[in-house]
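Worksheet: one structure, shown below.
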Amino acid sequence: MRLSKLFLPVMKETPADAQIVSHRLMLRSGMIRQSAAGIYNWLPLGLKVLRNVERIVREEQDRAGAQEILMPTVQQAELWKQSGRYDAYGPEMLRMMDRHEREMLFGPTHEEQVTDIFRNCVKSYKDLPKNLYQIQWKFRDEIRPRFGVMRGREFLMKDNYSFDLDEEAARRSYNRMFVAYLRTFARLGVRAIPMRADTGPIGGELSHEFIVLAPTGESAVFYDHDFNSLDIPADDTDYDGDLQPIVDNWTSRYAATEEMHEPTANGVPEGHKLITGRGIEVGHIFYFGTKYSEPMNAIVQGADGEKIPVHMGSYGIGVSRLVGAIIEASHDDNGIIWPENVAPWHVGLINLRSNDADCTAACDDLYEKLGRAGVDVLYDDTSERAGAKFAKMDLVGLPWQLMLGPRGLKAGIVELKNRATGEREELTPDAAFAKLA
Ligand SMILES: Nc1ncnc2c1ncn2[C@@H]1O[C@H](COS(=O)(=O)NC(=O)[C@@H](N)CS)[C@@H](O)[C@H]1O
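If you read the sequence shown in the numbering used here, its first letter stands for residue 280, the second for the next number, and so on.
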């Protein structure tokens with residue numbers, strides 16, 4: 280993509296009402312623009328990152344055996360009256376009336392919706408287990424939306440729902456999601472720690488929150504230092520095997536959010552260090568048995584013909600929140616530092632002298648060659664001066680910067696900078712190409 284063509288409304292000044300760094304940088308780098316409180320427009324740069332986060336979330340859901348569906352954002356109040364949550368949900372629920380005076384709502388979550396699908400389609404225990412997921416916008420009328428996309432009112436969530444014959448089978452579904460979450464956050468370039476959590480309006484008695492460590496996190500967290508060195512489950516993890524050892528390994532050490540922290544217990548054994556920090560909740564998984572299947576009559580026929588309400592769990596990841604959380608965990612004074620897997624482009628190609636015909640021809644050639652090799656390049660072909668180009672590319676935060684000017688052209692070299700480490704090296708265009716392609 281040529282920068283001269285890209286719709287990228289970067290801002291020089293820091294927006295006054297943005298209190299945390301990710302909100303400031305997402306506005307300044309032209310990723311989003313607010314539409315209303317807690318509701319955002321996603322512009323090309325931000326949308327590319329959002330889609331990259333979605334892609335990784337989707338890949339790991341599919342690897343774990345979940346099946347993707349897409350449910351509507353607008354739901355009938357009737358379903359929520361059956362589960363008993365319509366009144367209980369409170370003012371966060373955006374309620375509306377359609378032209379026929381039917382009560383509708385903008386879904387803050389989809390347990391009722393998916394249970395309605397299940398109860399109409401699945402009748403036999405032979406059809407279990409099932410794990411259905413979607414990546415869909417939610418609406419929660421937060422009383423104080425803040426921190427940009429981190430605590431929005433309309434936000435993108437991946438939400439799964441599992442259906443099993445009994446608690447033991449449901450815990451196996453829970454474990455599959457637990458492992459998938461460990462892999463997902465690692466591939467997104469963040470370190471997320473699973474912590475025992477409160478189950479809140481979703482309900483149930485087993486729940487873990489996945490917390491990304493970041494200094495501006497909304498909640499204080501307390502965890503065993505060991506978490507910084509635990510192995511992430513491998514690509515070839517057997518999701519049909521026994522995952523309990525992995526789950527035990529990641530839940531046997533102390534980790535708690537401030538709501539669940541027991542200061543007296545202190546929680547870590549001799550010789551272990553208790554780390555106190557701040558964290559952002561990027562995922563939350565629940566097992567809640569028959570909380571929805573009983574009131575909504577989601578039952579299957581058992582082997583002996585008996586009617587069994589299915590055991591369910593739900594598993595959420597904050598896809599849009601993660602864009603902000605990744606920035607909170609990975610930035611510096613000059614701007615964003617995108618992990619390679621989510622970066623909007625892989626390389627920022629900078630023409631240092633766009634009014635020099637030879638230099639421009641050489642940059643155009645590099646751009647074409649990298650593009651043909653399948654490398655995603657953002658090419659600053661504008662006539663801005665070099666200093667402004669460096670500042671903009673640092674702000675946008677691509678993993679690599681490739682710079683070419685008249686002096687380098689004469690000497691047959693280009694300069695390559697790694698955004699994360701700041702390391703620079705001068706090398707031939709071919710050597711740079713080999714490194715990037
Ligand atoms: N206001 C919000 N803005 C952005 N992301 C949010 C917001 N509220 C929740 N999230 C994200 O959505 C994830 C799941 O939300 S949740 O309420 O914990 N869980 C559920 O809604 C369950 N139905 C999971 S399927 C959270 O872990 C968080 O990362």
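Even for Gly, the Cβ is constructed at its ideal location relative to N, Cα and C. Values in this document were obtained by computation on a predicted structure and should not be read as measured data.
- Going by DSSP, Phe-567 is part of the beta strand (DSSP E) stretching over 553-568.
- With contacts defined by Cβ atoms closer than 8 angstroms, Gly-603 and Ser-301 form a contacting pair.
- About 6 angstroms separates the beta carbon of Ile-692 from that of Leu-706, a gap short enough to meet the 8 angstroms contact definition.
- Contact annotation: Leu-444 and Val-589 have beta-carbon atoms nearer than 8 angstroms.
- Annotated as distal: Asn-454 and Gln-340, with beta-carbon spacing of 8 angstroms or more.
- In the three-state reduction of the DSSP assignment, Met-280 falls in the coil class.
- Judged by the Cβ position, Glu-382 fails to qualify as a neighbour of ligand 1 at the 7 angstroms threshold, every heavy atom of the ligand being at least this far.
- Inter-residue distance for Asp-366 and Lys-360 is about 8 angstroms (C-alpha atoms, whole angstroms).
- Rounded to the nearest angstrom, the gap between the Cα atoms of Ser-531 and Leu-509 is 12 angstroms.
- For Glu-560, the distance from the CB to the nearest heavy atom of ligand 1 is below 7 angstroms.
- Non-local beta-carbon contacts of Val-547 in its own chain, meaning distances under 6 angstroms to residues more than five positions away in sequence, involve Asp-503, Tyr-533, Leu-553 in chain order.
- The beta carbons of Leu-631 and Trp-679 sit no closer together than 8 angstroms.
- Taking C-alpha positions only, Thr-352 is separated from Tyr-412 by approximately 14 angstroms.
- By a beta-carbon distance limit of 8 angstroms, Ala-459 contacts Arg-342. Their separation comes to about 7 angstroms.
- For the pair Asp-477 and Met-539, the CB atoms are nearer than the 8 angstroms cut-off.
- Bounds of the alpha helix (DSSP H) holding Ser-452 are 446-466.
- Residues of the same chain with a CB within less than 6 angstroms of the CB of Phe-426, apart from the 5 flanking positions on each side, are Ile-299, His-302 in chain order.
- Taking 7 angstroms as the cut-off, one finds at least one heavy atom of ligand 1 near enough to the beta carbon of Gly-597.
- Boundaries of the alpha helix (DSSP H) harbouring Asn-331: 323-342, taken from the DSSP string.
- When distances are taken from the beta-carbon of Ile-348 to the heavy atoms of ligand 1, even the shortest one reaches 7 angstroms or more.
- Setting aside the 5 residues that flank it on each side, Tyr-571 is surrounded in the same chain by Ser-362, Glu-390, Glu-391, Thr-394, Ala-577, Met-591, each with a C-beta closer than 8 angstroms to its C-beta; the list follows chain order.
- Across the set Gln-354, Glu-585, Val-598, the C-alpha of Val-598 shows the shortest separation from the C-alpha of His-563.
- Nearest neighbour of Phe-506 by Cα position, chosen from Asn-697, Val-469, Val-621, Tyr-368, turns out to be Val-469.
- Its chain contains Asn-439, Met-456, Ile-564 as the residues whose beta carbon lies nearer than 6 angstroms to that of Tyr-594, once the 5 sequence neighbours on both sides are disregarded; these appear in chain order.
- DSSP places Arg-312 inside the beta strand (DSSP E), whose first and last residues are 311-315.
- In this chain, Val-693 is not harboured by any alpha helix (DSSP H); it is covered by the beta strand (DSSP E) spanning 693-697.
- With a beta-carbon spacing of about 6 angstroms, Leu-657 and Leu-282 fall inside the 8 angstroms limit used to define contacts.
- Residue side-chain check: Met-575 keeps its Cβ at 7 angstroms or more from all non-hydrogen atoms of ligand 1.
- If the five residues before and after Cys-400 are omitted, its C-beta is found closer than 6 angstroms to no C-beta atom of its own chain.
- Here the stretch 629-648 lies against the stretch 659-671, with 3 or more beta-carbon pairs under 8 angstroms apart.
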